[in-house]
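Engineer: Questions regarding the structure given below will be posed in turn.
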Amino acid sequence: MRLDVVTIFPQYLAPLDLSLIGKARRDGLLDLRVHDLRGFTHDRHHTVDDTPYGGGAGMVMKPQPWAEAFDAVLGEAPGEGASPRARLVVPGPGGAPFTQATAHRLAREEHLVFACGRYEGIDERVYDHARDVFEGRVEILSLGDYVLNGGEVAVLAMVEAIARLVPGVVGNAESLVEESHEDGLLEYPVYTKPASWEGRDVPSVLLGGDHGAIARWRHEQRLARTAARRPDLLPPSAVLSGEAELPIT
Ligand code: ADE
14 MRLDVVTIFP QYLAPLDLSL IGKARRDGLL DLRVHDLRGF THDRHHTVDD TPYGGGAGMV
74 MKPQPWAEAF DAVLGEAPGE GASPRARLVV PGPGGAPFTQ ATAHRLAREE HLVFACGRYE
134 GIDERVYDHA RDVFEGRVEI LSLGDYVLNG GEVAVLAMVE AIARLVPGVV GNAESLVEES
194 HEDGLLEYPV YTKPASWEGR DVPSVLLGGD HGAIARWRHE QRLARTAARR PDLLPPSAVL
254 SGEAELPIT
């Protein structure tokens, strides 16, 4: 999978060299390139922003460097010339929610381009222009209902959530199955040795070797946790049956 990130703070993306994502890059599973938006400016000060028309606080990102950055990342795509199926993601608090389902959908793309906005935002004409050059494949996605200083932290989170779903990036694919948000319920609690620590014992069902009982206990715990922490996620059937009204660990 090819990933391009355009930002005025390329160093912000340095963590993508670490851990499983870093290894996947070195193994050739991910071709991730970070581009400095200032490299697409032509003035002495490498200006990427200007004052907003109509007045108001802060600065707005200028359109021209973005247009040149898009041309560059599309032109650099593998194979012949422009990448025919690249999709542009612009993180922003005004976007549609980025969820596990979004991560799965984007993990099937062959080329994702992320545009990190800063300041008060990007000139609106950049989105119109992007819809032309990406042939409609443009989306604005939000991590949650809060405001970050820019798109970089959101891109770190989105790239990690997406890339770990690309086959081969996470060594043990089974560990992707029983996670929170994969089937609508939160994860069950986990324990390791010792069986008793500082007077706190591992639930006895986990020590007994009865796999049916363990599976039932884990399912109950998932329901109870979801009811306590994220009742909005519970399927109506679990609410009606009272299945979720168990004590949580
Ligand atoms: N940029 C600023 N705030 C953001 C958010 N909540 N999600 C994604 N990108 C952002």
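Position 37 of the sequence shown, counted from 1, bears residue number 50 in the numbering used here, the numbering being contiguous throughout.
The beta carbon of each residue, even a glycine, is placed where N, CA and C say it ideally should be.
1. Roughly how many whole angstroms lie between the Cα atoms of Met14 and His194?
2. Would you check whether the ligand ADE has a heavy atom nearer than 7 angstroms to the C-beta of Leu161?
3. Given a cut-off of 8 angstroms, decide if Pro23 and Asp56 are closer than it, judged by their beta-carbon atoms.
4. Straight-line CA distance for His124 to Ala85?
5. Can you list, in chain order, the residues of its chain whose CB lies under 7 angstroms from that of Tyr25, leaving out five sequence neighbours each side?
6. Based on the DSSP secondary-structure assignment, which residues constitute the bridge partners of Thr20?
7. Please name the residue or residues paired with Ile135 in a DSSP beta bridge.
8. Here's the rule I'm using: 16 or more other beta-carbon atoms within 10 Å means buried, otherwise exposed. How should Thr20 be labelled?
9. Taking 7 angstroms as the line, does the beta carbon of Leu33 fall inside it for any heavy atom of the ligand ADE?
10. What first and last residue would you give for the alpha helix (DSSP H) that runs through Glu123?
11. Is the closest heavy atom of the ligand MN to the C-beta of Arg57 under 7 angstroms?
12. How many angstroms separate the CA atom of Val146 from the CA atom of Ala37?
Structural biologist: Taking the structure as given:
1. The residue given as residue 14 occupies position 1 in the sequence shown. The residue given as residue 194 occupies position 181 in the sequence shown. Their Cα atoms are separated by approximately 23 angstroms.
2. Stepping through the sequence shown from its first residue, residue 161 is reached at position 148. Checking every heavy atom of the ligand ADE against the Cβ of Leu161, one is found closer than 7 angstroms.
3. Taking the first residue of the sequence shown as 1, we reach residue 56 at position 43. Taking the first residue of the sequence shown as 1, we reach residue 23 at position 10. Not a contact, by the Cβ cut-off of 8 angstroms.
4. Here residue 124 is taken as the residue at index 111 of the sequence shown, counted from 1. Here residue 85 is taken as the residue at index 72 of the sequence shown, counted from 1. Going by the C-alpha atoms only, they are around 14 angstroms apart.
5. Here residue 25 refers to the residue found at position 12 of the sequence shown. Around Tyr25: Glu165.
6. Residue mapping note: residue 20 aligns to position 7 of the sequence shown, counting from 1. Here Thr20 is bridged, per DSSP, to Asp49.
7. Working through the sequence shown from its first residue, we reach residue 135 at position 122. For Ile135, the beta-bridge partners assigned by DSSP are Met74.
8. For the purposes of this step, residue 20 is taken as residue 7 along the sequence shown, with counting starting at 1. With 16 or more other Cβ atoms within 10 Å, it is buried.
9. Counting from 1 along the sequence shown, the entry for residue 33 is found at position 20. Flag unset: Cβ of Leu33 not near the ligand ADE.
10. Counting from 1 along the sequence shown, the entry for residue 123 is found at position 110. Taken as a continuous stretch (DSSP letters only), Glu123 belongs to no alpha helix (DSSP H), as it is neither H nor E.
11. Because the ligand MN does not appear in the structure shown, any question about it cannot be addressed here, the ligands present being the ligand ADE.
12. Locating residue 146 in the sequence shown gives position 133, where the first residue counts as 1. Locating residue 37 in the sequence shown gives position 24, where the first residue counts as 1. Computed Cα separation, rounded: 29 angstroms.
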